[in-house]
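Structure first, then comments.
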Ligand SMILES: [Zn+2]
């Protein structure tokens, strides 16, 4: 005898609706020798080869429907019984997850972990890849858009007279000339800082912006200003500015992916200058730019510890971290002034 006869002894209980919309009747579905039959009160209602049945997919605790070729419909909540009769155990993910709640929890945790891992590990890799393959035209385009946007939203025209601008530009060019990109790789722009106050920042294409407020804060200590500008040149040379932009775009993309709206947001971030200026560098990037300032200033014949004075003035004027926008976009790592002085001493062979 085939195994079907064994199954015949324990059929599945349910309700049978005969073809033509008849009222349901208590019935048992069993399989005998490859034939499915619905039996009620010992008498067969409907009979068909097992292969001719349409069996609805298992979906949690939703009633299972077995449709006979003649239109008869057998309904049951005995999911396991149907699976046993039909000979397929594959219940599918939905049913499994609904039956075993811990597994659903595991799935949710797994998705969160995957997203976190993407942010933590894949994003930096993608950023490095993007930086490596970015043609020079892209940073130029992004920087142009960023400066234009900042000019309409944040900045005012500079109040510095031509002579002052000329002096500062002279020091800036002396520094830029010693970098791999050279003088032509950089442009210095003077602006009234408005809400961002005493600040300086660099865009990925070598556009450097210096605010009147920072110039005023330095008083007659021009080297202090050059020290800050050298720090910004460091960010451009290390491509921090470009990385920061891609990182923000990548994070925004990820957030929008979760939110289900992958629209023009990433594109906005690429051209929105205000957003760009508010993004901070990492502590490692800051330390590297400080070191760059010390070395470049020394090579240019300026005081390499000049940027340390800027940190001290900022701390005095605005408190250690709060108040100044320079510290919010250039996070402090320990006592940066002391670190700069230590580096300068080491550089001078002291
Ligand atoms: Zn910085």
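Residue numbers (the numbering used here): 49 to 398.
Backbone N, C-alpha and C define an ideal beta-carbon position, used for all residues, glycine too.
Note that the structure is predicted; figures quoted are calculated from it, not measured.
From the options, residue whose alpha carbon lies closest to that of residue i
i	options	result
residue 295	206, 212, 171	171
residue 250	83, 362, 259	259
residue 92	68, 104, 64	64
residue 116	98, 109, 106	98
residue 118	156, 208, 74, 94	94
residue 129	121, 151, 120, 106	106
residue 292	330, 266, 257, 160	330
residue 123	183, 151, 86, 154	86
residue 186	166, 90, 289, 267	289
residue 243	268, 156, 270, 204	204
residue 271	346, 166, 70	346
residue 82	96, 333, 70	96
residue 234	283, 267, 210	283
residue 196	336, 125, 257	257
Cβ-Cβ distance between residue i and residue j below 8 Å
i	j	result
residue 198	residue 220	no
residue 61	residue 80	no
residue 229	residue 245	no
residue 338	residue 384	yes
residue 101	residue 84	yes
residue 365	residue 265	yes
residue 285	residue 215	no
residue 73	residue 103	no
residue 263	residue 208	yes
residue 78	residue 59	yes
Beta-carbon contacts of residue i that lie in its chain and below 7 Å, excluding the five residues immediately before and after
i	result
residue 343	395
residue 223	274, 277, 278, 281, 344, 348
residue 231	221, 224, 225
residue 391	339, 342
Residues near residue i by beta carbon distance below 8 Å, same chain, minus five either side
i	result
residue 213	206, 238
residue 287	179, 252
residue 389	353, 356
residue 68	119
Cβ-based neighbour list, residue i, same chain, cut-off 6 Å, excluding 5 preceding and 5 following
i	result
residue 241	247, 259, 261
For residue j and residue i, believed in contact at Cβ under 8 Å, the rounded distance
i	j	result
residue 113	residue 121	6 Å
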